[in-house]
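The structure appears right after this line, and notes come after that.
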Amino acid sequence: MNHFEYGPEGLACEGVPLARIAAEVGTPVYVYSRATLERHFTVFRDALVNAGVVDPLVAYAVKANSNVAVLKVLGDLGAGADTVSEGEVRRALAAGIPGERIVFSGVGKKREEIAFALKAGVAEINVESEPEMELIASVAAELGVRAKIAFRVNPDVAAGGHAKIATGKSENKFGVSFAEAARLYANASNNAALEPIGVACHIGSQITDLEPMRAAFMKMRGLVEQLLGEGLSLERLDLGGGLGVPYFNHPEPPPPAEFAAMVAQVTKGLPVKLAFEPGRVIAANAGVMVSEVIHVHERPEGRKFLVIDAAMNDLVRPAMYDAFHDIRPVLPKSGEAVYDVVGPVCETGDTFTRDRALPPFGPGDLVAFMSAGAYGSAMASEYNTRPLVPEVLVDGDRYAVIRKRPTYDEMLARDLVPDWV
Ligand code: LLP
1 MNHFEYGPEG LACEGVPLAR IAAEVGTPVY VYSRATLERH FTVFRDALVN AGVVDPLVAY
61 AVKANSNVAV LKVLGDLGAG ADTVSEGEVR RALAAGIPGE RIVFSGVGKK REEIAFALKA
121 GVAEINVESE PEMELIASVA AELGVRAKIA FRVNPDVAAG GHAKIATGKS ENKFGVSFAE
181 AARLYANASN NAALEPIGVA CHIGSQITDL EPMRAAFMKM RGLVEQLLGE GLSLERLDLG
241 GGLGVPYFNH PEPPPPAEFA AMVAQVTKGL PVKLAFEPGR VIAANAGVMV SEVIHVHERP
301 EGRKFLVIDA AMNDLVRPAM YDAFHDIRPV LPKSGEAVYD VVGPVCETGD TFTRDRALPP
361 FGPGDLVAFM SAGAYGSAMA SEYNTRPLVP EVLVDGDRYA VIRKRPTYDE MLARDLVPDW
421 V
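Numbering (full-length UniProt numbering), first residue to last: 1 to 421.
As structure tokens, then:
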């Protein structure tokens, strides 16, 4: 459920018509619903608690939507943060999320980033390889602290979905393999600078079938039991993120309650707490991207291009993963026309969709890309020197710009021309 519905002034986010935001802030623009963000987080956490999972750490995956205002909304409800860079750790801290609710993951953390995370007192650093374990140990020893670590173990399970976002197979770069896990835990527990406190996994994103997750979690359970049997004092099993969301044409993903019931069943009686790293399921359907039609360009051969003022730099998912986003008129219209919806960037890939039946549009009409709250603005760039797309947060009848569109002067001021050029 989300809070984007048609009202008397067209498609609205909670109590604010998107047309009003477009007129006042300009387009393209991302618009997020606070009520939807809060609802999604609460539904996810409560589903786990109601299924019998005691005191789960729900560490929202900051990469999905990293705006500090969004993080503050979630952090105030008790969310932790799953982070993958010093920048993300800083964002979580800036939003008031305490170090003890921050998980630091990522395949290539640098020395300074590890030092920053250790000083921030993060709950756990997820270690993705043996050399990374050694690097973390050396940084911790230098700082005179013991790093709380969990190895991210690759369960070698295929989770379906797009190849660019599948992570749980051994051919992917993520995590240590199952076969070497016991040896690495033994090494880590013999290292005074390391405190192995957990096991972590994450098998992919936009997963719409619980079976691969169940298979991975069963493997993780077995590993935790084995390590506990070997005398390790593990406190936490981090089951990652990855639960899919409905993108309109996609197979219906399982609701959080079914996911939670599966988790509770697989982990029953395991004497460790659980952590989760959901991103998309919290943020995707809490946001839309609003764009304005610039032209309708009809070719003599028959194709009709809807040229809009948003492009692949603002929402890269269709170009990068062939992702489907529902496109709705901000003001309802009757009739139908078939369009290729394209942006102004000079690449053929700058195509949001081909041959999509939509209402007949003209210049100045507004369209909303639905389910764009996750991996939308977070992946935006200034390619083609297009100003970074702004973000708006709606709360009931009010809204605030939570990241403003940079001016051209601000953008150009970042370039430095040496006096010898
Ligand atoms: N934990 C780890 C270690 C991850 O790598 C990810 C996502 C998550 C949690 C959160 O997964 P989620 O719950 O959001 O599925 N840009 C792509 C998605 C990339 C996902 C990367 N890792 C997209 O737009 O579809």
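Yeah, the Cβ is synthetic: ideal placement off N, Cα and C, and Gly gets one too.
Asked                                                                                                                                                                          : Found
Going by beta-carbon coordinates alone, are P196 and I136 separated by less than 8 angstroms?                                                                                  : no
Would you mind sorting L416 into buried or exposed? The rule is 16 or more other CB atoms within 10 Å of its CB.                                                               : exposed
What do you get for I248, buried or exposed, if any count of 16 or more other CB atoms within 10 angstroms of its CB means buried?                                             : First, the amino acid is wrong: residue 248 is Phe here, not Ile. So F248 ends up on the exposed side.
If I'm right that Y375 touches A64 with Cβ under 8 angstroms, what's the distance once you round it to whole angstroms?                                                        : 6 angstroms
Does the structure place the region 342 to 361 close enough to the region 248 to 265 that three or more beta carbon pairs sit under 8 angstroms?                               : no
Using the C-alpha atoms, what's the distance from N154 back to C201?                                                                                                           : 6 angstroms
Hey, is L243 close to the ligand LLP, as in C-beta under 7 angstroms from one of its heavy atoms?                                                                              : yes
Which residue from E112, S371 and L232 puts its Cα closest to that of residue 502?                                                                                             : This structure gives no information on residue 502, because the portion of the chain shown stretches from 1 to 421.
Please classify H297 as buried or exposed, where buried requires at least 16 neighbouring CB atoms within 10 angstroms.                                                        : exposed
Using 8 angstroms as the threshold, is the C-beta distance between V367 and P329 below it?                                                                                     : yes
Taking the DSSP output, what are the residues bridged to F276?                                                                                                                 : V58
Within 10 angstroms of its Cβ, does residue 426 collect 16 or more other Cβ (buried), or is it exposed?                                                                        : The first residue shown for the chain is 1 and the last is 421, placing residue 426 beyond what the model contains.
Relative to the ligand LLP, is the shortest distance from any of its heavy atoms to the C-beta of K63 smaller than 7 angstroms?                                                : yes
Taking the continuous beta strand (DSSP E) assigned at Y399, which residues delimit it?                                                                                        : R398 to R403
Give the DSSP-derived three-state secondary structure of N65 in the structure shown.                                                                                           : coil
Checking the sheet assignment: what are the DSSP bridge partners for P17?                                                                                                      : A12
Whole angstroms is fine: what's the gap from A286's alpha carbon to S66's?                                                                                                     : 13 angstroms
Would you report the Cα separation of M312 and L306, rounded to the nearest angstrom?                                                                                          : 14 angstroms
T36: buried (16+ other C-beta within 10 angstroms of its C-beta) or exposed?                                                                                                   : buried
Should F369 and V293 be called a contact, given that it needs their Cβ atoms to be closer than 8 angstroms?                                                                    : no
What does the alpha-carbon distance come out to for the pair G80 and V103?                                                                                                     : 8 angstroms
Using a Cβ-Cβ cut-off of 7 angstroms (strictly less than) and excluding sequence neighbours within five positions of A141, which residues of its own chain qualify?            : A193
What residue from V394, I203, V421 and P390 has the CA that sits closest to P406's CA?                                                                                         : P390
Could you give the distance in angstroms between the alpha-carbon of G231 and the alpha-carbon of E258?                                                                        : 33 angstroms
Only counting runs of 3 or more residues, tell me where the beta strand (DSSP E) segments fall wholly within the region 114 to 184, in order along the chain.                  : 124 to 127 and 147 to 154
Excluding the 5 residues preceding and the 5 following H3 in the sequence, name in chain order all residues of the same chain whose CB lies nearer than 6 angstroms to its CB. : E14, S33, A35 and T36
Along the chain, where does the alpha helix (DSSP H) that runs through L243 open and close?                                                                                    : L243 -> no alpha helix (DSSP H), and no H or E assigned at all.
Confirm the yes/no value for this check: CB of S371, any heavy atom of the ligand LLP, distance under 7 angstroms.                                                             : no
How many angstroms separate the CA atom of S377 from the CA atom of L74?                                                                                                       : 17 angstroms
Which stretch, first to last residue, makes up the beta strand (DSSP E) that contains K304?                                                                                    : K304 to I308
Candidates G269, S138, L331 and N126: which alpha carbon is nearest G7's?                                                                                                      : L331
Report the residue from E24, R221, N126 and E301 whose alpha carbon sits nearest the alpha carbon of G269.                                                                     : R221
Say yes only if the C-beta of G287 is nearer than 7 angstroms to one or more non-hydrogen atoms of the ligand LLP, and no if none qualify.                                     : no
Quick check on T385: buried or exposed, where buried means 16 or more other Cβ atoms within 10 Å of its Cβ?                                                                    : exposed
At which residues does the alpha helix (DSSP H) containing D46 begin and terminate?                                                                                            : R34 to N50
What are the partner residues of V29, as DSSP defines its beta bridges?                                                                                                        : V290
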